[in-house]
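Protein chains in written order, with the numbering used here: chain A, 201 to 288; chain B, 201 to 288; chain C, 201 to 288; chain D, 201 to 288; chain E, 201 to 288; chain F, 201 to 288; chain G, 201 to 288.
Glycine is no exception: its CB is placed at the ideal position from the N, C-alpha and C atoms.
Below is one structure, written out as structure tokens; comments come after it.
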């Protein structure tokens with residue numbers, strides 16, 4: 201069973217509370233704090249599929265995305281326009 | 201008798217209260233809780249018809265769509281832009 | 201004497217109070233209750249003329265359209281974007 | 201002396217109080233009551249000139265248009281997007 | 201010294217208080233009273249230059265334009281979208 | 201050291217308080233008083249570079265632009281859409 | 201480890217409190233005070249990559265961008281539309 205985002209959306213598994221990936225930290229003091237996560241599935245849009253791949257780590261706006269649970273774990277379906285950056 | 205959505209809309213029969221499809225659960229705690237359902241008819245738009253098929257299970261934003269009743273059952277006419285993902 | 205809608209509009213004669221066409225019912229409980237009606241004239245837009253024909257039964261958003269009376273009967277001039285579905 | 205509307209506008213002489221053209225009546229009860237009138241001049245836009253001609257009777261949204269007086273008579277300069285239908 | 205409007209704007213010298221050009225009168229009772237004036241300079245946009253010429257008399261929305269004084273006289277810099285009609 | 205505006209912006213040195221260039225005066229009574237200034241640098245957009253040159257005197261909307269100081273002098277970075285006219 | 205902005209965004213390391221680069225000062229009195237910084241990474245958009253390079257100093261609107269920390273240092277992910285100018 202698989203969630204396939206439509207159009208320019210991605211399915212993301214957000215990082216745990218200690219939002220830190222390597223040396224990158226999202227500070228609590230940021231007005232509209234961005235979050236991080238890992239891409240689980242990329243939308244049907246072809247241009248998006250060239251830009252982002254399953255497994256990519258991404259930074260996205262804090263209130264971005266719609267929450268669903270898959271096998272007990274929180275996931276987000278997020279629009280391309282809310283993905284700020286990839287973390288390589 | 202058949203409801204044929206116009207342009208980029210789909211006709212969806214929403215899932216029952218226990219919004220759970222296999223291992224995917226829509227949590228009550230989500231701010232703007234998405235819902236699930238099954239596509240009954242796809243709109244007249246050709247691009248949409250390549251993307252979504254009758255019988256596809258989809259996740260859509262909670263306040264998406266306009267409600268109608270067909271043979272006593274609640275259905276929704278939902279715009280493509282409110283369909284977040286397919287569940288394969 | 202004939203009302204010819206302009207551009208992407210249709211002229212619709214709305215269904216009577218008991219908004220029921222065959223087995224399809226528009227429930228009163230719907231937040232923004234859609235309505236039904238029959239197309240009397242299709243706008244001048246060529247693409248629209250391929251999509252909708254005189255005599256088609258359509259579902260449209262409740263507050264859609266501008267009301268006029270033709271030979272004592274209520275009619276609505278409705279934009280394509282407010283036509284949700286055809287009922288075949 | 202002649203008023204030539206610019207771009208996608210038309211110059212319209214609105215119908216008298218008893219807003220009735222043949223069997224078509226604009227009811228007072230309509231939320232945003234449309235009005236009727238006769239086209240006196242068509243804007244400079246070529247596509248519009250194919251769609252509407254001087255002398256056409258048109259229905260337009262109640263608050264549409266800007267009022268001017270020509271030889272003592274009220275006229276309106278109305279945008280194409282506010283012209284709902286022609287009455288043939 | 202010359203004011204050359206940019207893009208799709210025109211420089212207009214508005215008509216005097218008695219807003220009357222020949223038999224055309226702008227009534228005080230109009231909700232958003234249009235005004236008249238004479239074009240002094242046409243913007244740099246090529247399409248606009250085909251549509252409007254220096255010396256043309258135009259009708260424009262009452263709150264249209266930005267006011268400047270040239271040699272003691274009030275002038276307005278007005279966008280094409282606020283020019284309703286030419287008066288020939 | 202040079203400030204190079206991006207895209208469709210220009211860098212402007214605004215005129216002194218007595219906002220008067222030759223015979224052109226910006227009156228205090230204007231609702232949204234435009235201002236004048238001299239272009240110091242033109243943005244990277246090619247079309248804009250054909251339209252406006254360094255040294256051009258321009259009129260712009262009063263609240264247009266973002267203020268910076270260069271060598272102690274107030275300057276503004278203004279979008280093309282806020283430049284109303286050139287003064288030749 | 202590298203933050204790669206998506207689409208038309210850049211990653212910027214903002215300048216220290218004394219917002220002064222050479223002779224350019226951002227005054228405190230400016231309504232919506234712009235800020236300065238150095239580009240650390242350019243987004244995936246090809247046109248943007250021709251316009252801005254790593255190491256470029258840029259001026260951007262005060263509330264522009266989303267804050268993240270990289271190796272303890274504040275950074276911003278800023279949209280192209282919020283980058284006002286380059287400082288060469």
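Start-to-end residues for the alpha helix (DSSP H) that takes in residue i
i: residue 246 of chain C; result: 246-251
Element boundaries [beta strand (DSSP E), containing residue i]
i: residue 260 of chain E; result: 257-260
i: residue 205 of chain D; result: 203-205
i: residue 287 of chain A; result: 283-287
i: residue 209 of chain G; result: 209-214
i: residue 271 of chain F; result: Looking at the DSSP string, residue 271 of chain F is not in any beta strand (DSSP E), and its letter there is neither H nor E.
Cβ distance (whole Å) where residue i is taken to contact residue j below 8 Å
i: residue 254 of chain D; j: residue 287 of chain D; result: Going by Cβ atoms, the distance from residue 254 of chain D to residue 287 of chain D rounds to 15 Å, so no, they are not a contact pair.
i: residue 285 of chain F; j: residue 242 of chain E; result: The pair is not a contact, with the Cβ atoms about 11 Å apart (cut-off 8 Å).
i: residue 265 of chain A; j: residue 277 of chain A; result: 6 Å
i: residue 205 of chain D; j: residue 235 of chain D; result: Contact flag wrong, Cβ pair sits at about 17 Å.
CB contact flag (residue i, residue j, <8 Å)
i: residue 212 of chain A; j: residue 252 of chain A; result: no
i: residue 274 of chain A; j: residue 267 of chain A; result: yes
i: residue 208 of chain B; j: residue 256 of chain B; result: no
i: residue 240 of chain F; j: residue 270 of chain E; result: no
Residues bridged to residue i [DSSP beta-bridge criterion]
i: residue 242 of chain E; result: E:210
Listed in chain order, which residues of the segment 242-274 of chain A have Cβ atoms closer than 7 Å to some Cβ of chain B? 244, 266, 267, 268, 269, 270 and 271
Positions along the segment 203-219 of chain G whose CB lies within less than 9 Å of some CB in chain I: No chain I appears in this structure, whose protein chains are A, B, C, D, E, F and G.
Which residues, in chain order, does the segment 276-287 of chain C contribute to contact with chain B at a C-beta distance below 7 Å? 283, 284, 285, 286 and 287
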